[in-house]
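A quick write-up on the structure given underneath.
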Ligand SMILES: Cc1cc2nc3c(=O)[nH]c(=O)nc-3n(C[C@H](O)[C@H](O)[C@H](O)COP(=O)(O)OP(=O)(O)OC[C@H]3O[C@@H](n4cnc5c(N)ncnc54)[C@H](O)[C@@H]3O)c2cc1C
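Residue numbers (the numbering used here): 1 to 405.
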């Protein structure tokens with residue numbers, strides 16, 4: 001038994017993926033409008049909850065389906081075939097549930113209570129950690145100031161708060177200060193004090209600043225969360241932040257990978273269907289040239305297809321690595337990077353497939369409102385999720401030279 005041993009049965013898995021495919025149709029129906037209006041579709045939250053997907057990854061003993069990491073990733077992939085931005089937003093909940101399932105930072109009573117509430121009440125979690133100054137890699141500037149009567153008051157801003165408009169609970173990181181509000185200057189002490197807190201989205205002092213206006217992934221609604229002396233009692237404390245995440249990085253990596261694989265598949269499908277029907281009229285090669293008869297179009301389509309198949313196999317095998325516990329020998333310094341290889345592979349596939357789709361389809365896909373134009377923009381966000389592509393290559397290169405501390 002590893003912490004990733006699946007509890008979900010084959011029949012339950014098939015049913016939840018069928019639900020995801022149905023929900024994907026609802027995502028597809030509003031995806032274009034949400035991109036144009038730059039809004040997260042809050043009206044889909046009840047449908048997401050009704051589908052049973054919200055509690056899929058909660059272990060059976062706490063009332064969920066016990067879906068394994070491969071199933072959770074497959075759900076994200078399926079939903080992204082409907083609309084990847086909306087799927088990415090809901091994926092944040094899955095990532096947080098996965099992390100809380102086993103992170104040693106959370107004590108067992110709190111874990112049980114949190115996961116049981118998620119299953120019973122279909123609560124959605126978001127995970128806004130990144131801050132304006134240094135993304136996710138810098139320690140939290142957000143502070144948790146200890147209160148004389150116990151608990152903390154949290155103040156700060158999180159400017160990448162995906163799902164903030166649809167969630168019930170916010171899991172965030174903040175640095176526990178000295179009683180006078182001072183943050184330790186020493187890096188290691190700061191890191192030790194950087195902690196996880198889980199607070200209800202309706203807490204006094206929580207507000208949303210609507211700053212989200214981006215190139216792509218516009219329907220995620222990743223607005224800025226503003227925390228103004230938000231009270232967090234002892235029950236809201238979720239342990240050390242970074243130590244808590246290091247051992248659970250696979251949930252972020254494989255969830256994101258599923259969404260970007262689904263994005264690539266959607267782009268591939270749209271491009272193929274367009275190219276099947278496209279005629280060029282009279283050209284030097286014939287009276288009504290059929291685009292699919294052109295060699296470089298065939299080659300380009302085959303290349304897109306092949307990269308999608310490779311990415312799907314890498315993702316499946318990486319999930320299996322987790323399930324088999326075959327990651328046990330990985331050194332701590334390489335754990336996140338090793339999982340993120342599957343994520344970066346998927347995000348780079350999404351980028352290359354959407355690029356290929358625009359090249360093959362040509363002018364029609366360059367027009368605003370064309371689905372491929374949107375997917376091309378959405379795919380670019382894949383460069384940024386931690387480890388971003390270049391951060392991963394940098395980390396792995398350092399490791400290969402024996403330069404990691
Ligand atoms: C659609 C979308 C949704 C998101 N949702 C969330 C969310 O819900 N929660 C959340 O916490 N975050 C979220 N993020 C943020 C994401 O995880 C990153 O933290 C963020 O994109 C980084 O922003 P940045 O480039 O400004 O970061 P920075 O980290 O400031 O990076 C700037 C530059 O510095 C480099 N760099 C960064 N750190 C290092 C380092 N340690 N060593 C060397 N170079 C470094 C980077 O490669 C980059 O070139 C989301 C991002 C996107 C695109």
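Note that CB positions come from ideal geometry on N, CA and C, so glycine has one too.
- Here residue 132 has 159 as same chain residues with Cβ atoms under 6 Å from its own Cβ, once five neighbours each way along the sequence are excluded.
- Inter-segment contact for the stretch 113-124 and the stretch 89-100 is present: three or more beta-carbon pairs are separated by less than 8 Å.
- In this structure, residue 123 lies away from residue 172, with their beta-carbon atoms at least 7 Å apart.
- Not one heavy atom of ligand 1 falls within 6 Å of the beta-carbon of residue 293.
- DSSP places residue 194 within a strand segment (E or B) once states are collapsed to three.
- In this structure, the beta-carbon distance from residue 263 to residue 73 does not fall below 7 Å.
- Taking C-beta separations shorter than 6 Å and ignoring five residues to either side along the sequence, the partners of residue 136 in its chain run 129, 130, 386, following chain order.
- Taken through DSSP and simplified to helix, strand or coil, residue 223 comes out as strand.
- Residue environment for residue 91: buried (at least 16 other C-beta atoms within 10 angstroms of its C-beta).
- Of the residues 30, 147, 361, 28, the one whose Cα lies closest to the Cα of residue 276 is 361.
- Judged by DSSP secondary structure, residue 212 falls outside any beta strand (DSSP E); it is assigned neither H nor E.
- With a contact defined as Cβ atoms closer than 8 Å, residue 251 and residue 69 qualify at about 7 Å.
- In this structure, ligand 1 has a non-hydrogen atom nearer than 6 Å to the beta-carbon of residue 162.
- In terms of CA proximity to residue 397, 341 leads the group 346, 256, 341, 140.
- Cβ neighbours of residue 83 within its own chain (closer than 7 Å, five residues either side excluded): 27, 28, 31, 219.
- According to DSSP, residue pairing for residue 135 in a beta bridge involves 131.
- Per DSSP, reduced to three states, the secondary structure at residue 228 is strand.
- The beta carbon of residue 300 sits closer than 7 Å to the beta carbons of 356, 359, 360 from its chain, once the five residues preceding and following it are set aside; these are given in chain order.
- Selection 194, 233, 176, 188 evaluated against residue 203 yields 233 as nearest (Cα-Cα).
- Membership of residue 15 in the alpha helix (DSSP H) is indicated by the continuous run 10-37.
- Using a Cβ-Cβ distance cut-off of 8 Å, the stretch 75-89 and the stretch 211-231 are in contact, since at least three pairs of beta carbons, one from each stretch, lie closer than that value.
- In this structure residue 175 is in contact with residue 194, their Cβ atoms being roughly 5 Å apart against a cut-off of 8 Å.
- In terms of CA proximity to residue 19, 77 leads the group 143, 350, 77.
- Between residue 67 and residue 164, the C-beta spacing is not below 7 Å.
- For the set 235, 51, 208, the Cα lying nearest the Cα of residue 107 is the one of 235.
- In this structure, DSSP gives residue 303 a helical state, which the three-state scheme calls helix.
- In this model, residue 151 and residue 61 are separated by some 30 Å (Cα to Cα).
- According to the DSSP assignment, residue 351 belongs to the alpha helix (DSSP H) that extends over 332-361.
- Taking a contact as a CB-CB distance under 8 Å, the pair residue 79 and residue 47 does not count as one, their CB atoms being some 11 Å apart.
- Short of 7 Å from the beta carbon of residue 237, and not among the five residues preceding or following it, lie these beta carbons of its own chain, in chain order: 195, 197.
- Here the distance from the Cβ of residue 386 to the nearest heavy atom of ligand 1 is below 6 Å.
- Within the model, the alpha-carbon separation for residue 316 versus residue 261 is close to 11 Å.
- In this structure, the beta-carbon distance from residue 215 to residue 154 does not fall below 7 Å.
- Taking the C-beta atoms as reference points, residue 322 is found no nearer than 7 Å to residue 350.
- Closest by C-alpha distance to residue 270, out of 325, 346, 376, 344, is 376.
- One alpha carbon belongs to residue 246, the other to residue 344, and they sit about 17 Å apart.
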